[in-house]
Structures are given as C-alpha cells and as structure tokens.
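For reference, the structure discussed in these notes is given below.
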Amino acid sequence: MFPPSFVVGLFAVAGVVSQTVDKYDYIVVGSGPGGAPLAANLARAGQTVLLLEAGVDLGDNKNYSDIANFNAAGNDEKSRWDFFVRHSDDEEREAKYEKTTWRNPDGSFYVGLEPPEGAQRLGVYYPRAATLGGCAMHNGGICTLPADDDWNYIAEITGDETWLAGNMRKYFEKMEANEYLPPGTVGHGFDGYLNTTISDPSFMEQTSDVQKVAAEIIDLIGGDVARDINAPDPDRDQSTGVFGLASHADRNGKRAGTNTYIRKTLADPAKYPLTIQLESLVTKVLFSDEAEEPTAIGVEFLQGPYQYEADPRYNGSQGEIGRVFANKEVIIAGGAFNSPQILKLSGIGPAEELERFDIPIVKDLPGVGERLADNYEAGLLALADKPLNGTSGPVAVLLKTPTARKNRNIHGWCASFSFEGFYPGFPTDYGPSEYECALVHMNPRSQAGYVRLRSANPQEMPDINLNFFAEGEDEDLTEILDGVKELRKAFNAAGPPITPFDEKHPCPGKNQNCTDAAQKEYIKLQSYSHHASSTCAIGSAEDKMAVLDSKFRVHGVKNLRVVDASAFPTVPGAFPVCPTFMLSEKASDDILKELSTTPH
Ligand SMILES: Cc1cc2nc3c(=O)[nH]c(=O)nc-3n(C[C@H](O)[C@H](O)[C@H](O)COP(=O)(O)OP(=O)(O)OC[C@H]3O[C@@H](n4cnc5c(N)ncnc54)[C@H](O)[C@@H]3O)c2cc1C
Ligand SMILES: *[C@@H]1O[C@H](CO)[C@@H](O)[C@H](O)[C@H]1NC(C)=O
Ligand SMILES: *[C@@H]1O[C@H](CO)[C@@H](O)[C@H](O)[C@H]1NC(C)=O
Ligand SMILES: *[C@@H]1O[C@H](CO)[C@@H](O)[C@H](O)[C@H]1NC(C)=O
Ligand SMILES: *[C@@H]1O[C@H](CO)[C@@H](O)[C@H](O)[C@H]1NC(C)=O
Ligand SMILES: *[C@@H]1O[C@H](CO)[C@@H](O)[C@H](O)[C@H]1NC(C)=O
780 MFPPSFVVGL FAVAGVVSQT VDKYDYIVVG SGPGGAPLAA NLARAGQTVL
830 LLEAGVDLGD NKNYSDIANF NAAGNDEKSR WDFFVRHSDD EEREAKYEKT
880 TWRNPDGSFY VGLEPPEGAQ RLGVYYPRAA TLGGCAMHNG GICTLPADDD
930 WNYIAEITGD ETWLAGNMRK YFEKMEANEY LPPGTVGHGF DGYLNTTISD
980 PSFMEQTSDV QKVAAEIIDL IGGDVARDIN APDPDRDQST GVFGLASHAD
1030 RNGKRAGTNT YIRKTLADPA KYPLTIQLES LVTKVLFSDE AEEPTAIGVE
1080 FLQGPYQYEA DPRYNGSQGE IGRVFANKEV IIAGGAFNSP QILKLSGIGP
1130 AEELERFDIP IVKDLPGVGE RLADNYEAGL LALADKPLNG TSGPVAVLLK
1180 TPTARKNRNI HGWCASFSFE GFYPGFPTDY GPSEYECALV HMNPRSQAGY
1230 VRLRSANPQE MPDINLNFFA EGEDEDLTEI LDGVKELRKA FNAAGPPITP
1280 FDEKHPCPGK NQNCTDAAQK EYIKLQSYSH HASSTCAIGS AEDKMAVLDS
1330 KFRVHGVKNL RVVDASAFPT VPGAFPVCPT FMLSEKASDD ILKELSTTPH
C-alpha cells in the first residue's frame, strides 16, 4: 500500500481538504444495527476501528433512550432524515395515497390529497434516523426473528452453510440479554448487549375492554400473550396464534442495542481501540491506484452538521472534505438507501447509470440499488362503540392464510392504537375508542424496487421507488385481506357494549359490507412500509444481480464489504432489526475468522 499523501494528491477536488493521515485497521460507515455491533466487535478483538456516522449521539435524550417515546423520536428534527419515495410508476395510483406529503410555498409540509396552491409534491414519506445507533434509535423496537427458511435460503443460493438457521441462532444467543425467560432457556442468550423484554402480559388479568378484544383474538387463533415469539421451535415457521410482543429494550423501558453497545465498548476499562467520528457524511470509497483488482483503501467524507439533503436542517452548505484510510478493510453500513448510493458514487454499480452521471466505473455491478424489497403493512382499524378501558395491550399475532406459499405469512400486532403509515407528524389518533391490528405481510413476491442516483452529488437523496406489488399483486393482496377478515371476526365477537365497531379501513362503516375487490384496492393504494432491504444483495458470483458474496464482500472488489439490511437477498421475516443485529454478528465472526487464517 502506498502513502496516503499520494492518494490525497491524486483525488484532489475542489474544497478544503483536511489531510487526514490517520489509519485504522477497519473503517465502518454507519452506526445502525449493521455497523454498530460490527465496529464494537472488531475493536473488542483488538482491531483499530473508525466508525463514521453522519448524525450525532442522542443516546442520553429521552426521546431515544426510552422506547415508549418512539413516535416522538421519529418526528424529532435532531435525528430525522426525511426520505420521500414512490410506491410505483403509476401517477394515478400515487395520486391516491392518502398520506401523500407536499412542501408548501412557506417550507412547511402539507399531508393529504388536496394540497394548497403552489405546493410541491414530495411523495410518500419514509423516515430514517441519522444518529449514533441508526434506525434502532427511533424504531418500534419489535424484535421477532425471521423464518428459519429466510436464513436457509441464503445458504441455499450461496452454498455457504454458515447461513443455516441453526448456526444463525448462535449469533442471537450471543448478543441477546433476555429478560423475560428463565436464565438458561434454550435458544436464548442472557448476557449479551441486546436486552429483550416482552410487552406486559398482566393486562389479561384485568376485566377490561382491551382484555376482552385480546381474549377474542386468542379464542379465535390460539396462543397466549406471554408465549415466546423467538423460541427455537423446530416448527416455528408454521407456528401461528398469539404471542408476546418482544422488543429490544430492557425492563426499565430503555432501548438496548446499537448506541448502548458502542457506549459500553468505549467505556470499558480494557480501552478497546474504537474511535467514533460523528457528523461525517461519507461520500465515496477510495481505491488503490496500484492494485490490478479494484481495492478499497479508505473513504472520503464531508465533515459538518446536516450535510445530507434528507436532514430537515440541511441548507446546501458543504462541510470540509476529509479522507481517512484503512489498513485492512472498508465496511459500508449506511442502510438500504444509503449503502447503494455510496457504492454508486464510488463507481460500483450499473455501468449505464454511472456513465450517465460521469462517475468513473470501478466495477460494473448491475445489482447495486436494485431488488429493493419491503414488507407491505396495512391496518384493520376500527372505532369501538365506547371508549375502550384497560391498558392498551399490545399482542403479537402470527397467521398463515389459506394461500400462503409455505410458511406463516402475516405478522400483526393488535392494541388500542392507530397507525396509518408515516407522514410528517405521524401517527394518527382517533381517541380512546380506537383499536387496530397492524398487519405486516412477510416475504413480498415483488422485489422490483430500486434506489437510483439523481445526480453525482453525494448530498442529494437518491430516487427511490418501492414498486409495490409489481409481481404477485393479487396473491399478496389476498393474503393481507384474509388476515384482515380473520381478525375482524375477533373484533366483532367482543360483543356489546364494545361492538358494533365502526371500521375506518379497509371496509369503512358499521356493517362491513365491502367487496373483496374494494378492500384489496384500499390495501394496494394505502399500504405502507418501513423495512427496506436487499439493495446490495448477497448472492452467488453467477447471479449477475448479486452484489455481495456470502461473506459480505463486494463481488470483484477487494477489502470492501457491506454489512446492513441491504445485504439480505430477501426481506428477513416481518421485522428486520434483530435479523440485522444477527447479520452484523455473523459479519464480525466471518471477518475475525478470516484474519486468523490469512497472513496480513
Ligand atoms: C420508523 C421506523 C420503525 C421501525 N420499526 C421497526 C421495528 O419495530 N422492528 C424492526 O425489526 N424494524 C423496524 N424498523 C426497521 C429497522 O429499524 C431497520 O431495518 C434497521 O435499523 C436497519 O439497520 P441498518 O443498519 O441497515 O440501517 P440504519 O438503521 O438505517 O443505519 C444506517 C446508519 O448509517 C448512517 N449513514 C447513512 N449514510 C451515511 C453516510 N453516507 N455517511 C455516514 N453515515 C451514514 C445513518 O445516519 C444511520 O445511522 C423500523 C424502521 C423505521 C424507519
Ligand atoms: C422529542 O421530539 C419532539 C418531536 O417529536 C420534539 O419536539 C422534542 O423537543 C424532543 N424532545 C427532546 C428532549 O429532544
Ligand atoms: C441488560 O443486560 C445486561 C446483560 O448483558 C444486564 O447486565 C443488565 O442488567 C440488563 N439491563 C437491565 C435494566 O435489566
Ligand atoms: C371497563 O368497562 C367495562 C364495561 O364495558 C367494565 O365492566 C369494566 O369493569 C371496566 N374495566 C376497567 C378496568 O375499568
Ligand atoms: C447552514 O448550515 C451550516 C451548518 O451545516 C451553518 O454553519 C450555516 O450557518 C448555515 N447557513 C445558513 C445561511 O443558514
Ligand atoms: C351489502 O351490499 C349489497 C350491495 O352493495 C346490498 O345489496 C346489501 O343490502 C348490503 N347488505 C347490508 C347488510 O347492508
């Protein structure tokens, strides 16, 4: 490897260049569930690690530390990256999305279908958190492991058996600090960094309206509110009914995972060689000019607050340009929207797209930014005939509807709440009589979404189209509707004075007299999502659209990996956050094993 000063000269661009000469063994870009555990684990193994993060550390702010405040966190300007996406290319269809967001001439948002004069359509709001810890700092925190088949699939397409579900379970056991089961329970961990708890099941002992509705759901589909949703049941992909809703928070309601693990690592008296650099927007990977094969040697970044257009405080100013170099590897973990953007800006992506923006091609990889997949989510939301008393729940439900391909296919959670997708100021509130089952459809049949550049400007957000229902439309809609119909039965079984429910959707009114076609149309137009994945998908070298090999290495590029939700070839189960923690644990293990077998 040549001296960094040479590289600085070689890549000189306009702007102030800070001649960073620091070198680390590893540079990790992004501190979400993909990047944070990996950075901490590598440092704990004695490697010098630099973790670069665009946002700041909000770990002490109650919006983030207390998981109950997730809606406040999601709306908090201090971490918000506001993306605006499309659900399709069909303008007419997009125009019917009820939570369409617009920018008013005065800069404020309008949400709805009748924008004021002069408003500019932004699209479907899609929140991301830019802060130390990533989206695990503002998310709902629901921790449900994916189907065993979702892991086994990766083993199948790559031939790498370390991806088999039985092996992946070991990573869960390593990282989990379970607080809801007796210590030693098989399939769980009790001394990791990811504290897990379940929603308090004691509300079922009350006599209340909320308890009554939950009891009807249990009567209908079985299970109970303390059942372990992450049990290593050999038949877990088939197991349905009610479960306890698990989340990555401790018994005091404090979020656990990314930020807490980083802090623990930094605070350890062992003084692990982990360096965190905040407010640093990585703009590209730097490559060796000497090596024959493309070889990553470092990254370039913009240093300063609010450097990305998605930040509501962004004002177009450009921070100082810095560079930093890695002795061993660069690992990208910017999440499903930003990792493909970083690769493309670095010259790794579909050649045609890169040429359009005059980005020198380092490696033509047509799959970068493609195969974007997301779980569809839609709500059965209704207003009871009286204000509902009792604590709100929630209960987790897993269903396998009649046309499911192989495994259970719907993961819902039901409680006295309302949620109708994301928009500035979310969520909705229909008062004390509201009750909802939000249904997440797993394993969408379509993966036709994409993240593509709008320009070569790294501060500009990419063009994101989720292309919902592009394939398997009727099958997926039928499965969601069948889930709705099932749970609606339980609502109605609650009886007076709770019923009749006045349904908000998908079949408005008290008599629930809608055609299947009408309900499917509602679900198709109004479903939303927040589990984006697969834009830098793992796959075999023969698969032209694969971006990574089974060890997270970018195909055809040396010393460069991607470790975050974009690596999954399909959306992992219903809730990606715990699978992404597991993926990060696996990457740590793979990298450290390689180190111990290859001379450096
Ligand atoms: C509102 C919401 C609720 C959710 N609820 C749940 C839930 O209940 N359960 C669940 O399982 N999943 C949930 N998810 C999804 C889950 O949080 C994500 O799938 C997960 O966080 C993905 O992890 P990641 O590491 O891939 O990316 P992220 O968490 O997005 O982390 C990426 C990090 O990289 C940083 N970054 C990006 N680009 C750059 C750059 N160029 N330079 C430097 N830093 C950069 C970002 O600031 C961020 O900190 C939710 C998501 C949202 C948005
Ligand atoms: C929490 O977030 C809300 C926005 O949802 C914001 O108004 C409030 O100031 C934040 N609180 C703190 C302590 O930062
Ligand atoms: C979180 O888990 C750790 C185990 O790693 C444990 O020491 C700690 O007490 C847990 N936190 C709480 C509040 O229970
Ligand atoms: C809730 O209201 C019902 C009547 O609908 C009543 O029987 C019950 O005692 C109430 N429960 C609580 C916890 O207030
Ligand atoms: C723009 O934002 C930067 C921080 O990135 C700040 O220093 C600067 O003062 C702002 N400029 C204006 C004109 O608001
Ligand atoms: C349901 O709708 C059909 C057709 O729209 C109508 O004929 C029927 O009377 C309705 N039934 C009820 C119970 O409202």
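Mapping of the sequence shown onto this note's numbering: position 573 corresponds to residue 1352, and the numbering continues sequentially without gaps.
Cβ atoms here follow ideal geometry from the backbone N, Cα and C, with glycine treated the same way.
Since we're looking at a predicted model, the values are computed, not measured.
- Taking a C-beta distance under 8 Å as the contact criterion, GLY1191 and LEU1218 qualify as a contact pair.
- Of the heavy atoms belonging to ligand 3, none sits nearer than 7 Å to the Cβ of GLU1258.
- The three-state reading of DSSP puts CYS1357 in helix, counting H, G and I together.
- Note that the segment 1318 to 1338 does not touch the segment 1275 to 1295; fewer than 3 beta-carbon pairs, one per stretch, sit closer than 8 Å.
- The closest heavy atom of ligand 3 lies 7 Å or more from the beta carbon of ASN1038.
- Residue side-chain check: ASN918 keeps its Cβ at 7 Å or more from all non-hydrogen atoms of ligand 2.
- Within the chosen limit of 7 Å, ligand 3 reaches the beta carbon of TYR972 through at least one heavy atom.
- Relative to the Cα of MET1240, the nearest Cα in the group ARG907, ASP869, CYS1286 belongs to ARG907.
- Selection HIS1220, ARG1187, GLY1172, ASN1031 evaluated against SER1197 yields GLY1172 as nearest (Cα-Cα).
- A distance criterion of 7 Å places the beta-carbon of PRO1276 in contact range of ligand 4, judged by its closest non-hydrogen atom.
- In the DSSP assignment, PHE1104 falls within the beta strand (DSSP E) that extends over 1099 to 1111.
- Around the beta-carbon of ASP1253, fewer than 16 other beta-carbon atoms lie within 10 Å, marking it exposed.
- Within the segment 1028 to 1074, the complete alpha helix (DSSP H) segments of 4 residues or longer fall at 1037 to 1046, listed in chain order.
- Set against 7 Å, the gap from the CB of ASP988 to the closest heavy atom of ligand 4 is smaller.
- A Cβ-Cβ separation of about 6 Å places GLU958 in contact with ASP1029 under the 8 Å criterion.
- One Cα belongs to PRO1358, the other to PRO1351, and the distance between them is close to 7 Å.
- Not one heavy atom of ligand 1 is found less than 7 Å from the C-beta of CYS1193.
- For GLY1251 against LEU1151, the beta-carbon gap comes to about 16 Å, at or over 8 Å, which does not count as contact.
- With contact defined as three or more Cβ pairs closer than 8 Å, the segment 985 to 1000 and the segment 1264 to 1274 are in contact.
- Secondary structure at ASP1328: coil, using DSSP grouped into helix, strand and coil.
- Collapsing the DSSP output to three states places ARG1184 in coil.
- Between the segment 887 to 894 and the segment 972 to 982, the count of C-beta pairs closer than 8 Å stays below three; the two stretches do not touch.
- Within the segment 1244 to 1315, the runs of alpha helix (DSSP H) that reach at least 4 residues and sit entirely inside it are, in chain order, 1252 to 1272, 1295 to 1305.
- Judged by their CB atoms, SER1367 and PRO816 are nearer to each other than the 8 Å cut-off.
- Rounded to the nearest angstrom, the gap between the Cα atoms of GLU1069 and VAL1078 is 17 Å.
- Counting along the chain, the unbroken beta strand (DSSP E) around PRO906 starts and ends at 899 to 908.
- Secondary structure within the segment 964 to 1011: the beta strand (DSSP E) runs of 3 or more consecutive residues, fully enclosed, are 973 to 977 (chain order).
- Under the three-state reduction of DSSP, ARG865 is assigned to strand.
- If you compare the alpha carbons of GLN1082, VAL1103, GLU1108 with that of THR1074, the shortest gap goes to GLU1108.
- In the three-state reduction of the DSSP assignment, TYR1155 falls in the strand class, which pools E and B.
- Counted as a single uninterrupted DSSP element, the stretch harbouring ASP804 is not any alpha helix (DSSP H) but the beta strand (DSSP E) occupying residues 802 to 808.
- DSSP places ALA1175 in no alpha helix (DSSP H) but in the uninterrupted beta strand (DSSP E) bounded by 1174 to 1178.
- Close to ligand 5, as judged by a C-beta nearer than 6 Å to any of its heavy atoms, are the residues GLY1083, PRO1084, TYR1085, ASN1094, SER1096, in chain order.
- In the DSSP secondary-structure assignment, VAL1333 is bridged to LEU1327.
- Beta-bridge partners of GLN1082 (DSSP): SER1059, GLU1099.
- Per the Cβ contact rule, the segment 1138 to 1156 is in contact with the segment 1323 to 1343 (3 or more Cβ pairs under 8 Å).
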